[in-house]
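Asks: My numbering puts the first residue of the sequence shown at 9, with every later residue one more than the last. Here a beta-carbon is modelled for each residue, glycine too, at the ideal position from N, C-alpha and C. Let me give you the structure first, and then I'll get to my questions.
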Amino acid sequence: MLVVGAITLGAAGAIEACICLATLHGRCLPPQINTTNPIDVIAKRLVPVETQPRPMQQVLNVNLGFGGSNCALLFRRYEG
């Protein structure tokens, strides 16, 4: 398990980017699991147990790494 965790730690940004692209392609937000007592203001924006379709055109992915290695990617649908 430790080896798998170390591999995914280095690839976390790439994995997140792939999930963002899949979300944008399918236009469905993935659920936030294991949320037990959210704040009321935030709770109305959370996605429950199942995915929810949304008419999205772009997705923002922000990665904050160790030692200040930070990156933000904005993916937008191409309607050509």
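Using C-beta distances below 8 Å, list every residue in its chain close to residue 55, excluding the 5 sequence neighbours before and after it, in chain order.
Replies: As a first step, residue 55 must be located in the sequence shown, where it is residue number 47. Within the same chain, and ignoring the five residues on either side of residue 55 in sequence, the residues whose Cβ sits closer than 8 Å to its Cβ are 37, 38, 39, 40.
Asks: For residue 3 and residue 22, which I take to be in contact (beta-carbon distance under 8 Å), what is that distance rounded to the nearest angstrom?
Replies: The chain is shown only over 9 to 88; residue 3 falls outside these bounds and no answer can be derived.
Asks: Check the DSSP bridge columns for residue 70 and list the partner residues they point to.
Replies: In the sequence shown, the residue the question calls residue 70 occupies position 62. According to DSSP, residue 70 bridges with 80.
Asks: Determine the burial state of residue 67: buried for a count of at least 16 other Cβ atoms within 10 Å of its Cβ, exposed for fewer.
Replies: Numbered from its first residue, the sequence shown carries residue 67 at position 59. Buried.
Asks: Can you tell me which of the three DSSP states residue 54 falls into?
Replies: Position 46 of the sequence shown, counted from the first residue, corresponds to residue 54. Note: residue 54 maps to coil in three-state DSSP.
Asks: In whole angstroms, what separates the C-alpha of residue 52 from that of residue 17?
Replies: Residue numbering aside, residue 52 sits at position 44 when the sequence shown is read from its first letter. Residue numbering aside, residue 17 sits at position 9 when the sequence shown is read from its first letter. Going by the C-alpha atoms only, they are around 31 Å apart.
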